[in-house]
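Residue numbers (the numbering used here), protein chains in the order written: chain A, 145 to 411; chain B, 758 to 1095.
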């Protein structure tokens, strides 16, 4: 029974992805004809070729990588220090702060698009990389801080005490003991941040004007022409956009799962 | 090595349990002082205050006579062995041992030499490349000890370092700690909940209960002249019999409490009548649980070396009157008793 349910769930999850991959290699007129079910004899990489040769899809990929990468690079260290302070240092109103943080991260994005647009235009950041990175950092931080606080709290406190007795300053304790042990947590938080930026659509659409700084989701959305939608290319683009996500998750999977703290305390 | 002192130290946790209060303690240079008490008595709290991992709400901590109450743990130059060992799991044994020296920017040669010396003293040489996860409990314990040793600190603080070892290893490790302490002449504060460990290890033993010091004395003094009924009952195994004087028919002040250690009582022709309840043979002797024929039939425990009585039979118990401990109604030792 449970096997059946698992199979059903996998089919539900993988179905659209299989369909996307299949349709991205079929000629436009066969996509809706049911052909993917009957075989892939007419399959070709034409859509992918068109994607890169005619549409210049490398540019949005580059933009996405830069924006998502920069955001992660900036937000992760900030979130780490903030979360460590919340997890370990004696402070008043920690609970309230964490609750506020969660509340802020639930804010509907659309409600801040207009004010943010005005702010960014006034500071000349519309249609630039920083114009996307700044909002992304502020929007990924709350969740990251929330997640990392949880990870840090789980670490055995004795280890940090031992390092301080050994003479290490607070920052050194973080560098030498906390970060290596929290690596799985840091990796998964970084992935979540990266994916948030990679998939984000509303800000990317609102704060960019032309292809120079458009990210992958915006580029794909703008494939639709006036009279028709180039489904083959849209799906090929979607497949290409999914690829880095899959690679990143697979690469870090073992790191995320590995219980790094084993052996620290009695076993 | 150094002296350590606590003056009127108090640590109150707001809104929670008592913490500790009114602690005055002096540890001499080269002394091994054991802090002992039931769990939750505040012994680990006191150790953390001395280490600087926690701050007292009142009172002072002194190292070598200097007030270090406001000095962070990094600068107190004390070494600590944790109950959980707290080995850095992502570092090899060598790196675990070397960490404190690296933090202090010792040069490579010094680090190598000190780690080698500690590893030799504790038989860790074949393990230096392993990680904590690849070590047995006893090996981890020795690494934890070694990490304190390489430091050559002012004093060692040990927080129940042996409680995670099985009994045979524990005796062995205890002897090892004792040997190291005597060899180095190290000032050491050793926390344990095991009264036997306290008696065998300590130059002096400080007994704590509910955040207060009950008595600080040498093991012999503690055993022979416990300051109150708590210490009397906590130190020694099986525990001292503590009974109202009237139930033993002793002509002491009527409200006083009398204490008799199990091995100071014997089965004899005359004395207080009692029924044999259960027997616990221990090899070299037998612990006999008796029910006295007095109001409420209180339990009375004795140890006998030879023929143990049969359970259910009636016997007479007597005791050496010069080995009686006498306490007043508040549980304080009467000065008249031996």
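Virtual Cβ for every residue (Gly too), placed ideally from N, Cα, C. Model, not experiment: these values are computed from the prediction.
Does any C-beta atom of chain B lie closer than 8 Å to the C-beta of residue i?
{"i": "residue 312/A", "result": "yes"}
{"i": "residue 271/A", "result": "no"}
{"i": "residue 410/A", "result": "In this prediction, residue 410/A has a pLDDT of 37, which is less than 50 and means its spatial position is unreliable; what the coordinates show is noted afterwards. Yes - at least one Cβ of chain B is within 8 Å of the one on residue 410/A."}
{"i": "residue 328/A", "result": "no"}
{"i": "residue 396/A", "result": "no"}
{"i": "residue 235/A", "result": "no"}
{"i": "residue 306/A", "result": "yes"}
{"i": "residue 319/A", "result": "no"}
{"i": "residue 309/A", "result": "yes"}
{"i": "residue 315/A", "result": "no"}
{"i": "residue 221/A", "result": "no"}
{"i": "residue 303/A", "result": "yes"}
{"i": "residue 352/A", "result": "no"}
{"i": "residue 324/A", "result": "yes"}
{"i": "residue 252/A", "result": "no"}
When burial is assigned at 16 or more other CB atoms within 10 Å of the CB, is residue i buried or exposed?
{"i": "residue 153/A", "result": "exposed"}
{"i": "residue 1053/B", "result": "exposed"}
{"i": "residue 882/B", "result": "exposed"}
{"i": "residue 1019/B", "result": "buried"}
{"i": "residue 207/A", "result": "buried"}
{"i": "residue 161/A", "result": "exposed"}
{"i": "residue 332/A", "result": "buried"}
{"i": "residue 1041/B", "result": "exposed"}
{"i": "residue 391/A", "result": "exposed"}
{"i": "residue 1077/B", "result": "exposed"}
{"i": "residue 371/A", "result": "exposed"}
{"i": "residue 149/A", "result": "exposed"}
{"i": "residue 832/B", "result": "exposed"}
{"i": "residue 891/B", "result": "exposed"}
Kindly examine the ligand SAH and report whether one of its heavy atoms sits closer than 7 Å to the Cβ of residue i.
{"i": "residue 1005/B", "result": "Among the components of this structure there are no ligands whatsoever, and the ligand SAH is therefore not found."}
Please report the residue range of the alpha helix (DSSP H) in which residue i lies.
{"i": "residue 1022/B", "result": "Premise fails: residue 1022/B lies in the beta strand (DSSP E), 1022-1038, not in any alpha helix (DSSP H)."}
{"i": "residue 305/A", "result": "301-309"}
{"i": "residue 332/A", "result": "323-343"}
{"i": "residue 740/B", "result": "Residue numbering for chain B in the displayed model covers 758 to 1095; residue 740/B lies beyond these limits and cannot be assessed."}
{"i": "residue 924/B", "result": "924-941"}
{"i": "residue 241/A", "result": "238-249"}
{"i": "residue 853/B", "result": "850-860"}
{"i": "residue 159/A", "result": "146-168"}
{"i": "residue 1060/B", "result": "No alpha helix (DSSP H) holds residue 1060/B; the beta strand (DSSP E) holding it covers 1056-1061."}
Can residue i and residue j be called in contact, C-beta distance under 8 Å?
{"i": "residue 309/A", "j": "residue 837/B", "result": "yes"}
{"i": "residue 901/B", "j": "residue 924/B", "result": "no"}
{"i": "residue 727/B", "j": "residue 953/B", "result": "Missing from the structure shown is residue 727/B; chain B here goes from 758 to 1095 and no further."}
{"i": "residue 1043/B", "j": "residue 1065/B", "result": "yes"}
{"i": "residue 926/B", "j": "residue 895/B", "result": "yes"}
{"i": "residue 383/A", "j": "residue 165/A", "result": "yes"}
{"i": "residue 843/B", "j": "residue 306/A", "result": "yes"}
{"i": "residue 210/A", "j": "residue 360/A", "result": "no"}
{"i": "residue 303/A", "j": "residue 326/A", "result": "no"}
{"i": "residue 791/B", "j": "residue 984/B", "result": "no"}
{"i": "residue 814/B", "j": "residue 767/B", "result": "yes"}
{"i": "residue 828/B", "j": "residue 884/B", "result": "no"}
{"i": "residue 1005/B", "j": "residue 1075/B", "result": "no"}
{"i": "residue 1029/B", "j": "residue 782/B", "result": "no"}
{"i": "residue 801/B", "j": "residue 948/B", "result": "yes"}
Counting contacts by CB-CB distance shorter than 8 Å, is residue i in contact with chain A?
{"i": "residue 841/B", "result": "yes"}
{"i": "residue 899/B", "result": "no"}
{"i": "residue 861/B", "result": "yes"}
{"i": "residue 857/B", "result": "yes"}
{"i": "residue 831/B", "result": "yes"}
{"i": "residue 808/B", "result": "yes"}
{"i": "residue 1103/B", "result": "Because chain B is modelled from 758 through 1095, residue 1103/B falls outside the range shown and cannot be assessed."}
{"i": "residue 847/B", "result": "yes"}
Which first and last residues belong to the beta strand (DSSP E) in which residue i is found?
{"i": "residue 953/B", "result": "Run containing residue 953/B: none in the beta strand (DSSP E); it sits in the alpha helix (DSSP H), 952-958."}
{"i": "residue 1079/B", "result": "That residue, residue 1079/B, is in no beta strand (DSSP E); it is neither H nor E in DSSP."}
{"i": "residue 1045/B", "result": "1043-1049"}
{"i": "residue 790/B", "result": "789-793"}
{"i": "residue 1140/B", "result": "Coverage of chain B is limited to positions 758 through 1095, which leaves residue 1140/B absent and any answer about it impossible."}
{"i": "residue 763/B", "result": "761-768"}
Exercise. Counting pairs of Cβ atoms below 8 Å between the segment 282-297 of chain A and the segment 216-230 of chain A, do you hit three or more?
Worked result: Yes, the segment 282-297 of chain A is in contact with the segment 216-230 of chain A.
For this session: Pair every Cβ in the segment 1079-1087 of chain B with every Cβ in the segment 1045-1061 of chain B, then say whether three or more of these pairs are closer than 8 Å.
Result: The segment 1079-1087 of chain B is not in contact with the segment 1045-1061 of chain B.
Exercise. If you pair each beta-carbon of the segment 230-250 of chain A with each one of the segment 157-174 of chain A, do three or more pairs fall below 8 Å?
Worked result: The segment 230-250 of chain A vs the segment 157-174 of chain A: no contact.
Exercise. Just checking, does the segment 1000-1011 of chain B make contact with the segment 983-990 of chain B on the three C-beta pairs under 8 Å criterion?
Worked result: Contact between the segment 1000-1011 of chain B and the segment 983-990 of chain B is absent, with fewer than three C-beta pairs closer than 8 Å.
Exercise. So does the segment 267-287 of chain A actually touch the segment 217-228 of chain A, counting three or more Cβ pairs closer than 8 Å?
Worked result: Here the segment 267-287 of chain A makes contact with the segment 217-228 of chain A; the two share three or more CB pairs at distances below 8 Å.
Exercise. Would the segment 758-766 of chain B and the segment 191-203 of chain A be scored as touching if the rule is three or more Cβ pairs under 8 Å?
Worked result: Contact fails: fewer than three Cβ-Cβ distances are below 8 Å.
For this session: Kindly confirm or deny that the segment 957-970 of chain B and the segment 1010-1019 of chain B touch, where touching means at least three C-beta pairs closer than 8 Å.
Result: With the cut-off at 8 Å, the segment 957-970 of chain B and the segment 1010-1019 of chain B do not touch.
For this session: Check whether the segment 788-806 of chain B touches the segment 256-274 of chain A, taking contact to mean three or more Cβ pairs, one atom from each stretch, closer than 8 Å.
Result: Segments in contact, no.
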